[in-house]
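In the working numbering, the protein residues as written are 12 to 399. Ideal Cβ placement from N, Cα and C applies to all residues, glycine included.
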Ligand SMILES: *Cc1c(COP(=O)(O)O)cnc(C)c1O
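As structure tokens, this is what we get:
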């Protein structure tokens, strides 16, 4: 990889074209004009490279694309209006009616919904497998299998897949691989370097980093990116606005130091919680107690700010009481910003459907932001105090 400092501060920024301004301009324009017909014709013949219309290329977005591709160790990237657009657009580009996808069992909730409720209407079948064992992928392959869909780790229970192993299986079987790499970001895991074809992340999370923009990114080989760009990307039109791209460029400046701070704080907090008498279990891929700790150490350089825990008291009232008592973890979905968050799984089901024997119902997902870890530990401490 090129130097991280170079990517975040310099790559793609041709400052002499804009008065040597240090911060790049927001090119808030829908279209681009030409001095003569010949130039227009040649740009229209190659919209992948030409500056024609902002549903395709836009200079502010292209600075961002270069940086994001380099971070992933990829040849090229595309940016989208959301992480979900970055997931659904390439999948729609890669499969046709009659094709089959093998997916990890617990992908992001909206990805699962896309597979189950939308792709099924177009005759594309999806098998869900426990991705922790590579043999499950192998056994699920059918004659029409086009794609392995991965998410390692996921963002609630953190199951991992052996990415290099799955990439080589997929290569032998001529199946494409796509991973949702939102949890790690390319700073902590580079799936493309491990042989995965396409890597996606929700840029809403660490890239944006300030809870003020929704966006997605897709990285891969240029030929594959060009195919997706010329087809579904330009046709479905889920593009990012220049102003949002500018916010992501600004977020990138501090990505490395934010992740560094967040990872250190999270490890300290996970350590504290894993010793606490009220806690049954803490799940964090880079904590020695994690079931796939060795694999996590092998393929991840860091683990960021997401972890989950189970309370010893299994009642829904205790879970809700604990979450309600927290003062500095806001009850909210999403993650990756400056602010610490808590999201109890039981909030996504009806109270009467809660089953305490199902671990997934009891999981409480935390995100650690940029606050002082001791400030957050104090808050956890008071909320965990057994009720008088
Ligand atoms: C948030 C998230 C998404 C969806 O991204 P959006 O930007 O909200 O569309 C996909 N995958 C994971 C793991 C996420 O956390």
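| Asked | Found |
| --- | --- |
| Taking all protein chains shown into account, decide if residue 11 is buried (16 or more other Cβ within 10 angstroms of its Cβ) or exposed. | Absent from the structure is residue 11, since the part of the chain shown begins at 12 and ends at 399. |
| Along the chain, where does the alpha helix (DSSP H) containing residue 35 start, and where does it finish? | From DSSP, residue 35 is part of no alpha helix (DSSP H); its letter is neither H nor E. |
| Please determine, among 223, 219 and 187, the residue with the shortest C-alpha to C-alpha distance to residue 5. | This structure cannot speak to residue 5, because the chain is shown only from 12 to 399. |
| Hey, how far is the Cα of residue 268 from the Cα of residue 190? | 25 angstroms |
| Whose C-alpha, out of 322, 167 and 313, is nearest the C-alpha of residue 376? | 167 |
| Which residue comes first and which comes last in the alpha helix (DSSP H) that contains residue 384? | 384-395 |
| Find the nearest neighbour of residue 213 within the set 47, 27, 162 and 45, judged by alpha-carbon distance. | 162 |
| According to DSSP, is residue 372 helix, strand or coil? | helix |
| Does the Cβ of residue 224 have 16 or more other Cβ atoms within 10 Å, making it buried, or fewer, making it exposed? | buried |
| Assuming residue 90 and residue 252 are in contact, meaning their beta carbons sit under 8 angstroms apart, how far apart are those beta carbons, in whole angstroms? | The Cβ separation is near 10 angstroms, so there is no contact. |
| What residue from 273, 292, 285 and 372 has the CA that sits closest to residue 196's CA? | 273 |
| Roughly how many whole angstroms lie between the Cα atoms of residue 399 and residue 85? | With a pLDDT of 48 at residue 399, under the threshold of 50, the predicted position of this residue should be treated as unreliable, and no value is reported. |
| Starting from residue 87, trace the beta strand (DSSP E) in both directions and tell me its first and last residue. | 87-91 |
| Could you please give the first and the last residue of the uninterrupted alpha helix (DSSP H) stretch that includes residue 52? | 48-56 |
| When the Cα atoms are used, what is the spatial distance from residue 61 to residue 54? | 5 angstroms |
| Mapping the DSSP letters down to three states, classify residue 300 as helix, strand or coil. | coil |
| Is it true that the CB of residue 352 sits closer than 8 angstroms to the CB of residue 340? | yes |
| Note down the Cα distance separating residue 121 from residue 232, rounded to an integer number of angstroms. | 26 angstroms |
| Indicate, with yes or no, if ligand 1 has a heavy atom lying under 7 angstroms from the CB of residue 311. | no |
| Does the beta carbon of residue 216 fall short of 7 angstroms from some heavy atom of ligand 1? | yes |
| Secondary structure at residue 265, three-state DSSP: helix, strand or coil? | coil |
| Quick check on residue 292: does DSSP put it in helix, strand or coil? | strand |
| Could you tell me the alpha carbon to alpha carbon distance between residue 198 and residue 318, rounded to whole angstroms? | 18 angstroms |
| Hey, could you find the ends of the alpha helix (DSSP H) residue 189 is sitting in? | First-last for residue 189: 187-191, but that is the beta strand (DSSP E), not the alpha helix (DSSP H). |
| Is residue 103 buried or exposed, if buried means 16 or more other CB atoms sit within 10 Å of its CB? | buried |
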